[in-house]
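S.K.: Pasting a structure below so you can have a look.
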Amino acid sequence: KPSTPPPGSEGPARVRLQLNWVPEPQFGGIYEARRLGLLETDSLAVDVRPGSGGISAPQLVATGEVEFGIVGGSQILQINQEGGELVALFAVYQHDPHAIMVPEGSPFQTIEQLWQSPQATIGAESSLAFIRALNEQFSASEQARFVAYNLPAFRAGRQSASQCFMTAEPVTLELEGFRTRVFSAAKASGFDPYNTVLVTRRSYLDSNPEVCREMVDAFTRGWTSYTRTPEKTNQLLSELNPAMSLEAMNLTAKRQLPLILDAQTDALGIGCMTSDRWTSIAERLVALRLLDRVPDVEALYRWPFGAQPSSEDTD
Amino acid sequence: MVSTDAQSSAHSPVLSVQDARLVYPNGHQALDEVSFELEPGGFLALTGPSGCGKTSVLQMLAGLLRPTAGSVRVEGQDPSRVDGIACCFQDPRLLPWRSVGANVALPLELAGVPGSDRTDRATEALARVGLEQVADRLPHQLSGGMRMRVSIARALVVRPRLLLLDEPFGALDEVTREQLDDELLRLWDEDRMTVVIVTHSLREAVYLAQRVVVMAGSAGPLVADTPVEFGGRTESTRTDHAFNDEVQRVQRLLRSGGGG
Amino acid sequence: MVSTDAQSSAHSPVLSVQDARLVYPNGHQALDEVSFELEPGGFLALTGPSGCGKTSVLQMLAGLLRPTAGSVRVEGQDPSRVDGIACCFQDPRLLPWRSVGANVALPLELAGVPGSDRTDRATEALARVGLEQVADRLPHQLSGGMRMRVSIARALVVRPRLLLLDEPFGALDEVTREQLDDELLRLWDEDRMTVVIVTHSLREAVYLAQRVVVMAGSAGPLVADTPVEFGGRTESTRTDHAFNDEVQRVQRLLRSGGGG
Amino acid sequence: MKSLFMRFIPPFIVAVLFLLLWEGIVVVFEIKPFLLPSPVAVWESGREHWDQLLQAALRTGGAALLGFVLAGTVGVALGSLLGLSRWLERGFYPPTLLLQMVPLIAIAPLFVIWFGFGARSTIAATVVVAIFPVIASTLGGIRSTDPQLLELFRFHHASRLQTWWKLQLPSASPSIITGLRVAAGLSVIGAITAEFVSGYTGESAPLGSIIIASVQNFQTALMFAAVLISSLVGFLLFGLVNVLGWLVLHHWHGEHS
Amino acid sequence: MKSLFMRFIPPFIVAVLFLLLWEGIVVVFEIKPFLLPSPVAVWESGREHWDQLLQAALRTGGAALLGFVLAGTVGVALGSLLGLSRWLERGFYPPTLLLQMVPLIAIAPLFVIWFGFGARSTIAATVVVAIFPVIASTLGGIRSTDPQLLELFRFHHASRLQTWWKLQLPSASPSIITGLRVAAGLSVIGAITAEFVSGYTGESAPLGSIIIASVQNFQTALMFAAVLISSLVGFLLFGLVNVLGWLVLHHWHGEHS
Ligand SMILES: Nc1ncnc2c1ncn2[C@@H]1O[C@H](COP(=O)(O)OP(=O)(O)OP(=O)(O)O)[C@@H](O)[C@H]1O
Ligand SMILES: Nc1ncnc2c1ncn2[C@@H]1O[C@H](COP(=O)(O)OP(=O)(O)OP(=O)(O)O)[C@@H](O)[C@H]1O
Ligand SMILES: [Mg+2]
Ligand SMILES: [Mg+2]
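Protein chains in written order, with our numbering: chain C, 2 to 316; chain U, 22 to 281; chain E, 22 to 281; chain D, 160 to 416; chain P, 160 to 416.
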C-alpha cells in the first residue's frame with residue numbers, strides 16, 4: 002500500500018487519486034497530465050484509480066484510503082458534517098453539470114412546466130441536492146411522479162424526463178440517434194455548486210503541502226492543455242473505457258468547456274474557487290435541509306494554492 | 022379394482038413363474054431357473070435360507086422387479102399391470118407423517134375409494150390385527166411388532182385377489198402370531214383369494230399353506246415344491262402328530278437344500 | 022472399553038431394574054412396576070406379547086431411555102455412563118452410505134481402535150454371522166435377514182461385558198437361526214459376558230437362557246421370572262423331552278399373562 | 160407458552176450483544192459517522208424519519224411478501240416439475256439458474272417496460288431473485304424421497320399426481336422449508352435492489368430509494384435505519400417460514416425432531 | 160462415456176431453444192436493441208471485445224470462485240456449529256440472515272476500507288452474499304438426521320465431533336449440495352454487484368464494471384455479452400457442485416438415486 006515518505010526522504014511521493022467514475026472527458030485533464038508525464042515525476046507518482054458507481058470516492062479520501070479524490074461540490078460539505086475533513090484544492094467544473102433532459106419532441110419547454118405538470122414522470126433521485134433545489138424552486142406538484150434514474154426507461158419513453166450530466170447522457174443518446182433537449186438545473190434553481198473537485202484530507206494537506214502543490218500544478222497544466230487539444234487524450238480514454246466511443250469522448254470534451262472555463266477562471270485561473278461561491282453553496286444546502294449549518298468556508302478549500310499558510314483555523 | 026371374481030382365470034394358473042433368473046444391477050445373481058405355478062385360490066408358502074431370494078421372487082410377483090430372463094405372469098399378464106394384488110413387504114414401509122389409520126387407508130385412497138368408506142375399512146383392517154386403539158398414533162410411536170401389524174392391515178384393507186406376504190409375522194409373539202394365522206385363514210376362506218406367504222417358521226408354513234416351496238441357498242432351481250398333507254386343520258392341529266411329522270418332513274427338505 | 026473383567030462387580034448384580042415405570046412423551050405408559058436383577062455372566066431371555074415393552078426395557082438398560090420412576094442400574098451406575106455394553110437393536114440401523122464391513126467396524130472406530138485391527142475384527146464378526154463374503158456391499162444390496170445379521174455382527178464386534186439383543190434372529194430361517202444360537206452360546210462361554218435377549222421364540226428362550234422373564238401384555242408387573250430347568254444342553258437338546266416340556270411350561274406362563 | 164417465550168430469549172440476547180458490540184466498535188475505533196454511525200445515532204434518525212420509514216417499509220415489505228409468496232408457490236411447482244424426469248431436470252435446471260445470475264440492473268429496463276415503475280416491477284424482480292433456492296430445494300427434496308416408499312406407491316399404481324402430493328411433497332417439505340428460509344432473505348434484498356432501479360423516489364419512496372438517497376447524501380445513519388428496518392421485514396418473512404415449518408413438521412418428529 | 164454424453168444433450172437442446180426464442184421475441188415484438196439486443200448482436204459485440212471480456216471474466220470468475228469456496232467451507236462449518244444446540248440455533252441463526260439482507264451498496268465503503276480495492280473486497284462481498292444458503296441447508300440437513308442413527312451413536316458414546324463427521328455430515332450432504340448449488344449462482348451475482356460499487360480499479364475492468372459502464376453508454380449488446388459470460392462462470396461453479404455431489408452421493412443411491 003503506497004504511502005507518502007516523510008519530507009526529505011528519497012524517492013517520489015506515491016499517492017493515489019480516486020476518480021468517482023470511469024475514464025471519460027470529465028477527467029480528461031487528469032489523463033492529459035498523466036500523458037504529459039506530470040503525474041510521474043521524480044517527486045510525485047500518482048496512481049489514478051477509475052471509480053464506479055461514484056459512491057465511495059469521498060469516503061475513501063476521508064478515511065485516508067487514498068490521498069486524493071474527485072468528488073462533487075456539495076458532497077464535500079455533506080461528508081465534512083459527518084466527520085470527514087476534506088479540503089478542496091481544484092474545482093474542474095465551475096458550474097454544476099446536472100441537468101434535466103427531455104426527448105426532443107417533448108411538449109415540456111421548461112423545468113417549471115415539468116415540475117408542475119400532473120402527468121410528468123421524472124427519472125430523478127429526488128433527494129439529490131440539485132433536485133431538491135428544483136423542488137424548492139418550483140414547489141413540485143403533488144402528482145409529479147419521481148422514479149428511479151433509469152436511462153433505458155427514459156430512452157424507451159417510460160419517463161417524460163430524466164436527470165443527467167449535461168455532458169454525458171445527452172451526448173450518448175445523441176450518438177444513439179436519440180435527440181434530447183437539456184435544461185440546466187443550476188440555471189433553473191440558482192443552486193450551482195462546483196463539481197469534479199480535487200480534494201484531499203486536511204491532515205494530509207498539512208503534512209504534505211508540497212505533494213498537494215505539485216498535484217494542483219499538474220491539474221492546472223493538464224486541464225489547460227486538455228481544454229485546448231483533447232484529441233490525443235480522448236484516444237487514450239476510449240482505450241481505457243471501450244464502453245464509450247471516441248466520437249462520444251470528443252463531443253463530450255467540447256460540450257464541457259463552458260462548465261470549465263468562464264469569466265471567473267479567466268480572472269483567477271482554471272480550477273479556481275472563491276469564498277462567496279462556497280458560502281452560497283453552503284447556505285443553499287442548509288436551506289435544503291441537507292446541511293445543518295454553514296461551516297467555516299475558509300477551511301473548506303485552498304485557492305490559490307499556498308495563499309494561506311497551512312495548518313491554521315481548523316475547527 | 023378390488024372385485025373378487027377370480028373365475029375369469031379359474032382354470033389357467035393365476036400365477037406362473039418360468040425359468041426366472043434375476044441379476045441385480047451390481048451383477049449379483051439372486052435367482053436362477055426358478056419355476057412354479059399356483060392355481061386360483063391356492064395358498065403357497067415360500068421358505069428357504071436367509072438371502073436365498075424369497076423377497077426377490079415376491080417382488081417379481083408384485084411387478085416391482087422384472088426377471089432378467091424367464092417369465093413371471095399373474096393372471097396371464099405382466100404383474101405390474103394387474104390390479105387386485107396386495108403385498109406386505111418385509112419392512113413396514115409406513116409413511117412417517119401419517120397416522121396409523123391413514124397409513125392403512127393409503128391403498129384405498131390411491132384407488133379412489135371415498136373417505137367415509139375408507140376410514141371404516143381401515144378400522145376394520147386394524148381390528149383384524151388387534152390395533153384399532155392406536156389408529157391415531159404415528160408410526161414412530163409404535164413398537165416394532167405393531168408397525169409390522171399395521172403394514173399387514175394395509176395389505177388386508179383392499180380385499181385382494183392375490184395376497185403376497187413377506188415374513189409378515191416374524192416380529193410377533195407366538196400368541197399374536199397364531200391368532201393372525203387363523204385370521205388369515207378365515208379371510209382366505211371368505212374371499213377365496215390366492216395367497217403367497219414367505220415365512221421362516223415351517224410350523225406356520227405347514228399350518229397355513231396347501232403347498233410349500235423350498236428355495237435353494239444359492240441361486241438355482243427350487244429344492245422342493247411339495248403339497249402339505251395331514252388330517253384336516255382343527256383346534257388341536259398344532260399339537261397333533263400328523264402335523265408335527267409333516268413339519269419334520271419339510272424341515273428335512275430345507276436342511277437338505279444346504280440351507281443357511 | 023472392550024475389556025472383559027466382569028470380576029469388578031462379580032457379587033453385586035451387574036444389572037438391576039427396580040419398580041421401573043416408563044411413560045412416553047405422548048403420555049402412553051409403556052412400563053410399570055417392572056423389577057428384576059441379573060448376576061454377572063447371567064443369560065436372561067425377555068419375552069412377552071407384541072407391544073408389551075420389551076424394547077423399552079432394553080433401551081433403558083442401554084441408557085437410551087430413563088425410567089419415569091424407579092431405577093435402572095448397570096454395574097451399579099447409570100447405564101448411559103457404562104462402557105462395555107453392546108446392543109443389537111430391533112431394526113438393523115445401518116449407515117446406508119457405509120459398506121457392510123465399515124458398518125460393522127463402526128463401534129471400534131468410535132472407540133478409537135486402530136484401522137488394521139478394526140478390519141480384522143470386523144471380518145471375524147461378519148464370519149460369525151456367515152456374511153464375510155458381502156463385506157464390501159452396501160446395506161441396501163442385502164436381504165432383510167442379511168441386514169439383521171450385519172447388525173448382530175456389529176454388536177458382537179466389541180467383546181462387551183453386557184450384550185443386549187432385541188429379537189436378533191426374528192428374520193432368520195431356522196437353520197441359520199440355530200447356528201447363530203449356538204454361536205452366541207459359544208461366545209457367552211468364552212467371554213463370560215452377561216446377555217439379555219428379547220425373543221418371541223420360547224424354544225429359543227429356553228434353549229439359550231438360564232432365566233426367562235415374561236412380561237405382561239399391558240404395563241404392569243412381570244408375569245413371570247423363572248429359571249430354566251432341563252438336563253444340560255446337548256446336541257439333541259432341541260428334540261429331547263425335558264426341553265420340550267420346559268418350553269410348554271413357559272408357553273403356559275406366557276398365555277396366562279393374557280398375551281397378544 | 161413458556162416454551163414459546165423461551166424461543167425468543169436467545170435471539171433477543173444475541174441482538175442486544177450485537178448492538179453493544181456495534182456501539183463498542185464505533186466508540187473504541189472512533190469510526191467516523193459517514194462510515195458506520197453508532198446504534199444510538201441510527202435510532203435517533205430512525206425516530207426522526209419514522210413516518211417516512213414506516214410508509215416505505217409497508218410499501219417494500221408488501222412487495223417483498225407478495226414476491227416471496229409467488230416465488231414460493233411457483234418455485235415449488237417448477238421444482239416438482241423438474242422432479243418428474245431426469246431429462247427435464249438436466250434440460251431446465253441450469254436455465255433456472257440464469258434467473259439468479261442475471262444482475263437486476265441488466266434487466267431492470269425490461270421490467271420497467273413490462274411492469275412499469277413501482278410495486279409491480281419490484282414484485283417481479285423479487286420473484287426472479289428469490290425463486291431459484293425454492294426450485295433447487297424442492298427438487299433436492301423430491302430426489303431424496305425414500306426409494307422404498309416410492310416402490311410402495313408404484314406397487315399401488317399411484318398416479319404421478321398422487322405420488323407427488325401424498326409422498327414426494329411431504330418428504331421434501333423439510334428441504335423446501337430450508338429453501339423458503341433462503342428465499343425469505345433474498346426476496347427482501349431483491350425488492351430493495353429492484354427499487355434502486357425501478358422504484359418511486361418522490362414523497363412515496365420505498366426503502367430501496369431511501370437507502371440510495373441517503374447513501375448519496377452521506378446520511379449514513381438514516382441509511383442504516385432503513386437497512387435495519389428492511390431486515391426486520393426479512394426476519395418477519397423468516398419467522399413466517401418457521402411457523403409454516405413448525406405446522407408442517409412438528410408432529411412427525413419421528414423423522415425431524 | 161455415452162451416458163456422460165447424454166447428460167449434455169438436454170441442456171444443449173434447451174440452450175438452443177432459448178436462443179431461438181430470444182431471437183424470436185426480439186424480431187416479433189420489434190424490441191429496441193437498447194432494451195434487448197438480438198443474440199446475434201450480442202455475439203458480435205462479444206467477439207469484438209473478446210480480449211477485454213476474457214480478461215474481465217478471469218478476474219471476476221477468480222474472485223467468485225474463491226468467494227464461493229470460502230462461503231462453502233465457512234458456511235458448512237457455521238451451519239454445523241448451529242446444529243450443535245437449539246440455543247445456538249435460535250440465537251445465531253437469524254443474525255446470519257442479516258448477512259444476506261444488508262444491501263452491498265450500504266456496506267461497500269466499509270468493505271473497501273477493510274479489504275482494500277478490487278479482488279479482496281469482491282471476494283469478501285461474494286462470501287457475504289453466498290454464505291447463508293450454505294448455512295441454512297447444512298443446518299437443515301443436520302436437523303433431519305435419522306434419530307434412530309443418532310441414538311445408535313449416542314449409545315456408543317460417540318463424541319460430538321465423531322457424530323458430526325461420521326453421521327450428521329454424510330446424511331446432510333444431499334441438502335448441503337443443494338445449498339451449494341444456490342450458493343454457486345449467488346456468488347457470481349455477488350461478485351458482480353460488488354464490482355458495481357467497488358470494482359473498477361486500475362486499467363483492467365472486471366465484468367461488473369463493464370456491465371455498469373455499458374449500461375450507462377447504451378452498449379446493451381456488450382452488456383448482455385458480459386452478463387452471459389458471467390453466467391457461464393456461474394454454470395461452471397454449478398457444474399463443479401454437481402461433480403462434487405456425484406462423487407459424494409452416487410454410491411449410496413440406496414438413499415438418493
Ligand atoms: N416413541 C413412543 N411414543 C409413544 N409410545 C411408544 C413409543 N415407543 C413405543 N411406544 C409404546 O410403548 C409400548 C411398548 O413398546 P415396545 O417397543 O417396548 O414394545 P415391544 O415389547 O418391543 O414390542 P415388540 O415385541 O412389538 O417390539 C407399545 O405399546 C408402544 O405402542
Ligand atoms: N438391491 C440389491 N442389489 C444387489 N443384491 C441384492 C439386492 N437386493 C438383494 N440382493 C441379494 O439378492 C439375494 C436375495 O435377496 P432376497 O432379499 O430376495 O433374499 P431373501 O430370501 O428375502 O432373504 P431374507 O429371508 O433374509 O429376506 C441376497 O443374496 C441379496 O444379497
Ligand atoms: Mg426377504
Ligand atoms: Mg420391540
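Note that CB positions come from ideal geometry on N, CA and C, so glycine has one too.
(1) Report back the beta-carbon spacing between LEU194 (chain D) and GLN60 (chain C) to the nearest angstrom; my notes put them in contact at under 8 Å.
(2) In whole angstroms, give me the CA-to-CA distance for LEU176 (chain D) and GLY250 (chain P).
(3) Does any heavy atom of ligand 2 sit closer than 7 Å to the C-beta of MET81 (chain U)?
(4) Where are the alpha helix (DSSP H) runs, 4 residues long or more, that stay fully inside the segment 88–118 of chain C, in chain order?
(5) Specify whether the segment 53–63 of chain E and the segment 36–44 of chain E touch according to this definition: at least 3 beta carbon pairs, one from each stretch, less than 8 Å apart.
(6) So which residues touch the region around ligand 3, with touch meaning a C-beta under 7 Å from any heavy atom?
(7) Between C:LEU247, C:PRO231, C:ASP207, which has its C-alpha nearest GLU86 (chain C)'s C-alpha?
(8) Mind listing which residues of the segment 219–246 of chain U have their C-beta closer than 7 Å to chain E's C-betas, in chain order?
(9) Scan the segment 260–348 of chain D and note each continuous beta strand (DSSP E) run of 3 residues or more that stays entirely inside, going in chain order.
(10) Cβ-heavy atom distance between ASN124 (chain U) and ligand 1 below 7 Å?
(11) Of all Cβ atoms in chain U, is any one closer than 8 Å to the Cβ of GLY413 (chain D)?
(12) Does the distance between the C-beta of HIS409 (chain D) and the nearest non-hydrogen atom of ligand 1 fall short of 7 Å?
(13) Is it the case that the CB of PRO46 (chain E) approaches a heavy atom of ligand 5 more closely than 7 Å?
(14) Using a Cβ-Cβ cut-off of 8 Å, state whether ALA51 (chain E) counts as contacting chain P.
(15) From ARG417 (chain D) to GLN327 (chain D), what does the alpha carbon distance come to, in whole angstroms?
(16) List the whole-angstrom C-beta distance separating ALA174 (chain P) from SER346 (chain P), where the pair is believed to meet the contact cut-off of C-beta under 8 Å.
(17) Only counting runs of 4 or more residues, tell me where the alpha helix (DSSP H) segments fall wholly within the segment 215–245 of chain E, in order along the chain.
(18) For the segment 124–143 of chain U, which residues have a beta carbon sitting closer than 8 Å to at least one beta carbon of chain E?
(19) Would you mind sorting ASN242 (chain C) into buried or exposed? The rule is 16 or more other CB atoms within 10 Å of its CB.
(20) Return the chain-ordered list of same chain residues with a C-beta closer than 8 Å to the C-beta of LEU243 (chain E), the five sequence neighbours on each side being excluded.
(21) Taking Cβ-Cβ distances shorter than 7 Å, what residues in chain D pair up with ARG114 (chain U)?
(22) For THR352 (chain P), return the contacting residues in chain D, with the cut-off set at a CB-CB distance below 7 Å.
(23) Kindly examine ligand 1 and report whether one of its heavy atoms sits closer than 7 Å to the Cβ of SER71 (chain E).
(24) Could you check whether the Cβ of HIS262 (chain U) sits closer than 7 Å to any heavy atom belonging to ligand 1?
(25) For the segment 65–90 of chain U, enumerate the residues whose C-beta is nearer than 9 Å to any C-beta of chain D, in chain order.
(26) If you measure between the beta carbons of GLY52 (chain C) and VAL93 (chain C), is that distance less than 8 Å?
(27) Do the segment 70–89 of chain E and the segment 114–126 of chain E meet, that is, are 3 or more Cβ pairs less than 8 Å apart?
(28) Give me the Cα-Cα distance between HIS221 (chain E) and LYS75 (chain E), rounded to the nearest whole angstrom.
(29) Name the DSSP beta bridge partners of CYS108 (chain E), please?
(30) Going straight from the alpha carbon of VAL407 (chain P) to that of SER332 (chain P), what length do you get?
(31) Tell me whether SER239 (chain C) sits in a helix, a strand or coil according to DSSP, three-state version.
(32) What did DSSP end up calling ARG290 (chain C) once you bin it into helix, strand or coil?
(33) If the cut-off is 7 Å on Cβ atoms, which residues from the segment 276–308 of chain C count as contacting chain D, listed in chain order?
(34) Does chain D have any CB closer than 8 Å to the CB of CYS109 (chain U)?
(35) Does the Cβ of ALA192 (chain U) lie closer than 7 Å to at least one heavy atom of ligand 1?
(36) Please confirm if the segment 203–210 of chain D is in contact with the segment 257–274 of chain D, defined as three or more CB-CB distances below 8 Å between the two stretches.
M.R.: Put simply:
(1) The sequence position of residue 194 (chain D) within the fourth sequence is 35, counting from 1. The sequence position of residue 60 (chain C) within the first sequence is 59, counting from 1. Right, the Cβ-Cβ distance comes to about 6 Å (below 8 Å), so this counts as a contact.
(2) Taking the fourth sequence and counting its residues from 1, one reaches residue 176 (chain D) at position 17. Taking the fifth sequence and counting its residues from 1, one reaches residue 250 (chain P) at position 91. So the two alpha carbons sit approximately 11 Å from each other.
(3) As a first step, residue 81 (chain U) must be located in the second sequence, where it is residue number 60. For ligand 2, not one heavy atom lies less than 7 Å from the Cβ of MET81 (chain U).
(4) 112–117
(5) yes
(6) Summarising the contact set, residues whose Cβ lies nearer than 7 Å to any heavy atom of ligand 3 are, in chain order, U:LYS75, U:THR76, U:GLN111, U:ASP187, U:GLU188, U:VAL219, E:SER164, E:GLY165, E:GLY166.
(7) The count along the first sequence starts at 1 and reaches residue 86 (chain C) at position 85. It is C:ASP207 whose Cα lies nearest to the Cα of GLU86 (chain C).
(8) HIS221, LEU223
(9) none
(10) For the purposes of this step, residue 124 (chain U) is identified with residue 103 of the second sequence, where counting begins at 1. No; taking the cut-off as 7 Å, the Cβ of ASN124 (chain U) has no heavy atom of ligand 1 nearer than that.
(11) Looking up residue 413 (chain D) in the fourth sequence gives position 254. Confidence at GLY413 (chain D) is low in this model, with a pLDDT of 41, below 50, so the placement of that residue is unreliable and no value is reported for it.
(12) As a first step, residue 409 (chain D) must be located in the fourth sequence, where it is residue number 250. No, ligand 1 has no heavy atom inside 7 Å of this Cβ.
(13) Judged by which ligands are present, ligand 5 is missing from the structure shown, whose ligands are ligand 1, ligand 2, ligand 3 and ligand 4.
(14) Residue 51 (chain E) sits at position 30 when you count from the first residue of the third sequence. No, ALA51 (chain E) lies away from the interface with chain P (no Cβ there is under 8 Å from its Cβ).
(15) No statement about residue 417 (chain D) is possible, as the shown extent of chain D runs from 160 to 416 and does not include it.
(16) Reading the fifth sequence from its first residue, position 15 is the one you call residue 174 (chain P). Reading the fifth sequence from its first residue, position 187 is the one you call residue 346 (chain P). Between SER346 (chain P) and ALA174 (chain P) the Cβ distance is about 22 Å, and since that is not below 8 Å, they are no contact.
(17) Given a length threshold of 4 residues, each whole run of the alpha helix (DSSP H) inside the segment 215–245 of chain E is given here in chain order: 223–229.
(18) none
(19) Numbered from 1 along the first sequence, position 241 holds the residue referred to as residue 242 (chain C). Its Cβ being crowded by 16 or more others within 10 Å, ASN242 (chain C) is buried.
(20) By 1-based counting over the third sequence, the position of residue 243 (chain E) is 222. Answer for LEU243 (chain E): VAL55, SER56, PHE57, VAL234, VAL235, MET236, ALA237, listed in chain order.
(21) The sequence position of residue 114 (chain U) within the second sequence is 93, counting from 1. In chain order: GLN307, LEU308, LEU311.
(22) Within the fifth sequence, numbered from 1, the residue matching residue 352 (chain P) stands at position 193. Simply PRO262.
(23) By 1-based counting over the third sequence, the position of residue 71 (chain E) is 50. For SER71 (chain E), the CB falls within less than 7 Å of some heavy atom of ligand 1.
(24) The residue given as residue 262 (chain U) occupies position 241 in the second sequence. No.
(25) Within the segment 65–90 of chain U, the residues whose Cβ lies closer than 9 Å to any Cβ of chain D are, in chain order, GLN80, ALA83, GLY84, LEU85.
(26) For the purposes of this step, residue 52 (chain C) is taken as the residue at position 51 of the first sequence. For the purposes of this step, residue 93 (chain C) is taken as the residue at position 92 of the first sequence. Cβ distance not < 8 Å, so GLY52 (chain C) and VAL93 (chain C) don't count as in contact.
(27) no
(28) As a working mapping, residue 221 (chain E) is identified with position 200 in the third sequence. As a working mapping, residue 75 (chain E) is identified with position 54 in the third sequence. Approximately 10 Å, taken between the alpha carbons.
(29) As a working note, residue 108 (chain E) is residue 87 in the third sequence. CYS108 (chain E) pairs with E:LEU185.
(30) Counting from one through the fifth sequence, the residue named residue 407 (chain P) turns up at place 248. Counting from one through the fifth sequence, the residue named residue 332 (chain P) turns up at place 173. Roughly 8 Å between the two C-alpha positions.
(31) By one-based count along the first sequence, residue 239 (chain C) stands at place 238. If DSSP states are grouped into helix, strand and coil, SER239 (chain C) belongs with the helices.
(32) As a position in the first sequence, residue 290 (chain C) is number 289, starting the count at 1. In this structure, ARG290 (chain C) counts as coil in the three-state DSSP scheme.
(33) LEU291
(34) One-based indexing of the second sequence puts residue 109 (chain U) at position 88. No, no contact with chain D.
(35) On the second sequence, residue 192 (chain U) is found 171 positions in, with the first residue counted as 1. Result yes, Cβ under 7 Å from ligand 1.
(36) Under the Cβ criterion (8 Å, minimum of three pairs), the segment 203–210 of chain D does not count as touching the segment 257–274 of chain D.
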